[in-house]
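Novice: Here the sequence shown is numbered in the numbering used here, starting from 803 and rising by one per residue.
Built from N, CA and C at the ideal position, the CB exists for glycine as well.
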Amino acid sequence: MAERGDRHRGAVKLNKIVWWADQESYRRGGYSITGSDYQRLPQGPVPHRLDLIRQQLARGARVTIGHRDVGAPNPAIVLEPGPSSDMSEVRRLLDEDDVAMLEEALAKFHNWTGTQVSEFSHRESIAWKNLEDGDLIPDSAWLIDTRSVATDFDVKKLLNDSGFPT
803 MAERGDRHRG AVKLNKIVWW ADQESYRRGG YSITGSDYQR LPQGPVPHRL
853 DLIRQQLARG ARVTIGHRDV GAPNPAIVLE PGPSSDMSEV RRLLDEDDVA
903 MLEEALAKFH NWTGTQVSEF SHRESIAWKN LEDGDLIPDS AWLIDTRSVA
953 TDFDVKKLLN DSGFPT
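(1) Alpha carbon to alpha carbon, how far is residue 830 from residue 812? Give it in angstroms, no decimals.
(2) What are the boundary residues of the beta strand (DSSP E) that residue 841 is part of?
(3) Within its chain, find whatever has a CB closer than 7 Å to the CB of residue 844; leave out the 5 residues flanking it on each side and keep chain order.
(4) Pull the bridge partners of residue 896 from the DSSP assignment, please.
(5) Mind reading off the beta-carbon distance from residue 853 to residue 938? Whole number of angstroms is fine, and I expect it under 8 Å.
(6) Excluding the 5 residues preceding and the 5 following residue 896 in the sequence, name in chain order all residues of the same chain whose CB lies nearer than 8 Å to its CB.
(7) Sort out for me which residues DSSP pairs residue 928 with in a bridge.
(8) Tell me the rounded alpha-carbon separation between residue 885 and residue 924.
(9) Between residue 822 and residue 856, what straight-line distance do the alpha-carbon atoms span, to the nearest angstrom?
(10) If you check the beta carbons only, do residue 933 and residue 842 fall under 8 Å apart?
(11) Would you give the residue range spanned by the alpha helix (DSSP H) that residue 831 belongs to?
(12) Which stretch, first to last residue, makes up the alpha helix (DSSP H) that contains residue 856?
(13) Which residue marks the beginning of the beta strand (DSSP E) containing residue 867, and which one marks its end?
(14) Look at the alpha carbon of residue 912 and the alpha carbon of residue 918, and state the distance between them as a whole number of angstroms.
(15) In three-state DSSP terms, what is residue 837?
(16) Determine the DSSP secondary structure at residue 884, reduced to helix, strand or coil.
Below, the structure is given as structure tokens:
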């Protein structure tokens, strides 16, 4: 996001970009890029154990974690490239399809605010709408087409009845 000059680089937005790229990768190719489990939190789907991942990145000086006043009740958490940040290393770890998916996600949400991307994730994740805060979202829920189902059905029951792992 920093390389692209995106003005809105808060942690909420970053979480949703990774969520969307993982979800689309799963839909298109049957696997998520990060392999992370996601859970339902008030601002949308979030990688499980996110705080641990952030702290590991900060300890390794790959990111710096700061806060920025965005006019909301709480300041935004902002991750910026740290002194040990090396995007070429990340690109070597991912195959070209994964990099392309992340590039697509970055382009899709370029200059969206964290609030806008969060609201998008609420609309696009039928599982998020139907689970409780803290519940893990099964990868198989990403296969549910949000345009073809009612928003008030029981996702856990649907997945269990369909034989998907939950």
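Specialist: Taking the structure as given:
(1) Stepping through the sequence shown from its first residue, residue 812 is reached at position 10. Stepping through the sequence shown from its first residue, residue 830 is reached at position 28. C-alpha separation (whole angstroms): 27 Å.
(2) As a first step, residue 841 must be located in the sequence shown, where it is residue number 39. Residues 840-843.
(3) Sequence index remark: in the sequence shown, residue 844 carries index 42 (1-based). Taken in chain order, the residues that qualify are 935.
(4) Locating residue 896 in the sequence shown gives position 94, where the first residue counts as 1. Paired residue(s): none; residue 896 is not in a bridge.
(5) Residue 853 sits at position 51 when you count from the first residue of the sequence shown. Residue 938 sits at position 136 when you count from the first residue of the sequence shown. Between residue 938 and residue 853 the Cβ distance is about 16 Å, and since that is not below 8 Å, they are no contact.
(6) Mapped onto the sequence shown, residue 896 falls at position 94. These residues qualify, in order along the chain: 835 and 904.
(7) As a position in the sequence shown, residue 928 is number 126, starting the count at 1. In the DSSP output, where bridge partners are listed per residue, residue 928 has none listed.
(8) To locate residue 885, count along the sequence shown from 1; it is residue 83. To locate residue 924, count along the sequence shown from 1; it is residue 122. Looking at the two C-alpha atoms, the distance is approximately 34 Å.
(9) Within the sequence shown, residue 822 is the residue found at index 20, counting from 1. Within the sequence shown, residue 856 is the residue found at index 54, counting from 1. Looking at the two C-alpha atoms, the distance is approximately 19 Å.
(10) Walking along the sequence shown from the start, residue 933 turns up at place 131. Walking along the sequence shown from the start, residue 842 turns up at place 40. Yes, the pair counts as a contact, with Cβ atoms nearer than the cut-off.
(11) Within the sequence shown, residue 831 is the residue found at index 29, counting from 1. Per DSSP, residue 831 belongs to the alpha helix (DSSP H) from 813-831.
(12) Here residue 856 corresponds to residue number 54 of the sequence shown, with the count starting at 1. 852-861 is the extent of the alpha helix (DSSP H) around residue 856.
(13) Locating residue 867 in the sequence shown gives position 65, counting from the first residue. 865-870 is the span of the beta strand (DSSP E), which, as asked, contains residue 867.
(14) Within the sequence shown, the letter at position 110 stands for residue 912. Within the sequence shown, the letter at position 116 stands for residue 918. Computed Cα separation, rounded: 11 Å.
(15) Sequence index remark: in the sequence shown, residue 837 carries index 35 (1-based). Coil at residue 837, not helix or strand.
(16) For the purposes of this step, residue 884 is taken as residue 82 along the sequence shown, with counting starting at 1. It is coil, neither helix nor strand.
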